[in-house]
């Protein structure tokens, strides 16, 4: 590890059997290269993960290497929403509104166990069990809180994902509200029924009352 | 500058002959020196003072429910007491369902360096109502709102008793009560559905946001909504 020459991944490669031309794929590469290397983060820090996020942005770990030194405190100028910390239910409409205010193309990172899953210890009446129940999430960074290296690894994974996008494939950027008529729609009652066996039931309490 | 802005030095009303305070050693669990205010309360209010307890060197006075505001007012105003700082208002419910809920007031007298804890018992089956001390301590505003939010105890006389931590349309009950399930009463998806229907902009009143001066600069749609007195929901 580290001794062999690493293959440079461009992500977008020319496939002769597809309908895309050499020009389109090169243009894709150029656009994706620009996007991946200047992701402006919208920090949504609510807890201790935000401290690690600040450490990542500070000089030792230097988020500027990824073109992310410009924290975008307005969602309208942001590319990636980094949710660092637990989200209580009272903040759920806020983060949803911030996500809706961000222009396309946009991505999001759930940093830490709380933002990803609710962290188990916060499995209570007030905390959202993972922000993926509110907004779509591209990269989950595990850890409680994750070290700056962990967040940077997540950012590099996100860059990889950005690099492999294609202009020809518009479906990536489609925004869908849940449509009850769709075949993929699962009614909330059914979700509860399915998840009950996995300890996410409201009937399970610690006090036994 | 008027006298009201002078800093209040802790213990200045005690006189010069009182030794400066030191960290107490070997404080017993029960017993020990009682806060002299407890005796003064007994002399002043008689039957309204049910019991005086000293736990870990701190005096707890159990008082009658209906007369709490009156007692706190006297403690605040009397020149020999001068309890000028209300540090906490909260409640306690015990797992023993027969045990009454206790409402707790923590008062501190900065001029006399005294601390007193008032408690009143709310027995099961009785309405959870206690008098508000908002008129005496303005800082009790949010403490009482939080207590109402978490325990459902109503503070009579509070001008704006709304939920503080949970959102105002929260329908599941009072989270710190013992009969409240840890994960709430509704399912996760129902909880999310209800909260996502809320309007994040319209959580606070104009006074709370202090935007009264900037009212004319707000977007017209927002001005209309706030003008109608709408605060929450969509």
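Protein chains in written order, with our numbering: chain A, 164 to 372; chain B, 11 to 244. Even for Gly, the Cβ is constructed at its ideal location relative to N, Cα and C. Note that the coordinates shown come from a computational prediction; the quantities given were computed from them, not determined experimentally.
For residue i, which residues from the same chain have a beta carbon less than 6 Å from its beta carbon, with the 5 sequence-adjacent residues on both sides left out?
{"i": "residue 282 of chain A", "result": "276"}
{"i": "residue 364 of chain A", "result": "In this predicted model, residue 364 of chain A has a pLDDT of only 45, less than 50, meaning its place in the structure is not dependable; the value taken from the coordinates is given anyway. Here the set comprises nothing."}
{"i": "residue 23 of chain B", "result": "121, 122"}
{"i": "residue 211 of chain A", "result": "308"}
Quick one: residues in its chain with C-beta nearer than 7 Å to the C-beta of residue i, no 5 flanking neighbours on either side, listed in chain order?
{"i": "residue 227 of chain B", "result": "none"}
{"i": "residue 100 of chain B", "result": "114, 157"}
{"i": "residue 306 of chain A", "result": "275, 276, 313"}
{"i": "residue 297 of chain A", "result": "255, 258, 259, 291"}
{"i": "residue 84 of chain B", "result": "54"}
{"i": "residue 44 of chain B", "result": "62, 64, 69"}
Could you work out which residues of chain B lie near residue i, taking near to mean beta carbons separated by less than 9 Å?
{"i": "residue 259 of chain A", "result": "206, 210"}
{"i": "residue 375 of chain A", "result": "Within the shown structure, residues of chain A are numbered from 164 to 372, placing residue 375 of chain A beyond reach of any answer."}
{"i": "residue 286 of chain A", "result": "192, 193"}
{"i": "residue 206 of chain A", "result": "The premise fails here: residue 206 of chain A is roughly 18 Å from chain B at the closest Cβ pair, so nothing lies under 9 Å."}
{"i": "residue 296 of chain A", "result": "198, 199, 202"}
Rounded to the nearest angstrom, what separates residue i and residue j at their Cα positions?
{"i": "residue 319 of chain A", "j": "residue 290 of chain A", "result": "29 Å"}
{"i": "residue 301 of chain A", "j": "residue 330 of chain A", "result": "18 Å"}
{"i": "residue 271 of chain A", "j": "residue 200 of chain B", "result": "24 Å"}
{"i": "residue 213 of chain A", "j": "residue 285 of chain A", "result": "17 Å"}
{"i": "residue 111 of chain B", "j": "residue 188 of chain B", "result": "10 Å"}
{"i": "residue 163 of chain B", "j": "residue 138 of chain B", "result": "5 Å"}
{"i": "residue 75 of chain B", "j": "residue 130 of chain B", "result": "6 Å"}
{"i": "residue 193 of chain B", "j": "residue 288 of chain A", "result": "4 Å"}
{"i": "residue 265 of chain A", "j": "residue 221 of chain A", "result": "25 Å"}
{"i": "residue 57 of chain B", "j": "residue 273 of chain A", "result": "59 Å"}
{"i": "residue 207 of chain A", "j": "residue 342 of chain A", "result": "28 Å"}
{"i": "residue 225 of chain B", "j": "residue 233 of chain B", "result": "7 Å"}
{"i": "residue 72 of chain B", "j": "residue 128 of chain B", "result": "6 Å"}
{"i": "residue 126 of chain B", "j": "residue 268 of chain A", "result": "59 Å"}
{"i": "residue 108 of chain B", "j": "residue 216 of chain A", "result": "48 Å"}
{"i": "residue 47 of chain B", "j": "residue 169 of chain B", "result": "30 Å"}
{"i": "residue 242 of chain B", "j": "residue 208 of chain B", "result": "With a pLDDT of only 49 at residue 242 of chain B, under 50, the local geometry of the prediction cannot be trusted, and no value is derived from it."}
{"i": "residue 345 of chain A", "j": "residue 295 of chain A", "result": "20 Å"}
Could you pull out every residue in the same chain whose Cβ sits closer than 8 Å to the Cβ of residue i, ignoring the five residues on either side in sequence?
{"i": "residue 205 of chain B", "result": "177"}
{"i": "residue 175 of chain B", "result": "156, 159, 160"}
Looking at the unbroken beta strand (DSSP E) that takes in residue i, where does it start and where does it end?
{"i": "residue 140 of chain B", "result": "139 to 141"}
{"i": "residue 186 of chain B", "result": "Per DSSP, residue 186 of chain B belongs to no beta strand (DSSP E) and is neither H nor E."}
{"i": "residue 112 of chain B", "result": "111 to 119"}
{"i": "residue 166 of chain B", "result": "164 to 166"}
{"i": "residue 344 of chain A", "result": "Careful: residue 344 of chain A lies outside any beta strand (DSSP E) and carries neither H nor E."}
Interface residues of chain B around residue i at Cβ under 7 Å?
{"i": "residue 241 of chain A", "result": "Residues of chain B passing the Cβ test: none, with the nearest at roughly 17 Å."}
{"i": "residue 267 of chain A", "result": "Correct list: empty, because the minimum Cβ distance to chain B is about 21 Å."}
{"i": "residue 255 of chain A", "result": "202, 205, 206"}
{"i": "residue 252 of chain A", "result": "201, 205"}
Got a sec, what are the start and stop residues for the alpha helix (DSSP H) residue i sits in?
{"i": "residue 199 of chain B", "result": "198 to 206"}
{"i": "residue 154 of chain B", "result": "150 to 161"}
{"i": "residue 315 of chain A", "result": "311 to 326"}
{"i": "residue 205 of chain A", "result": "No alpha helix (DSSP H) contains residue 205 of chain A, which is instead part of the beta strand (DSSP E) from 204 to 208."}
{"i": "residue 216 of chain A", "result": "211 to 220"}
{"i": "residue 190 of chain A", "result": "185 to 199"}
{"i": "residue 235 of chain B", "result": "230 to 237"}
Anything in chain B within Cβ reach of residue i, meaning under 8 Å, just list it in chain order.
{"i": "residue 292 of chain A", "result": "198"}
Residues of chain A with CB under 7 Å from residue i, in chain order?
{"i": "residue 177 of chain B", "result": "253"}
Closer than 8 Å by beta-carbon distance: list the chain A residues that pair up with residue i, in chain order.
{"i": "residue 182 of chain B", "result": "288"}
At a CB-CB cut-off below 9 Å, which residues of chain A make contact with residue i?
{"i": "residue 185 of chain B", "result": "287, 288, 289"}
Which runs of the beta strand (DSSP E) at least 3 residues long sit entirely within the stretch 23 to 105 of chain B? Give them in chain order. 59 to 65, 68 to 73, 95 to 102
Enumerated in chain order, which unbroken segments of the alpha helix (DSSP H) with a length of 4 residues or greater are wholly contained in the stretch 233 to 306 of chain A? 255 to 264, 275 to 280
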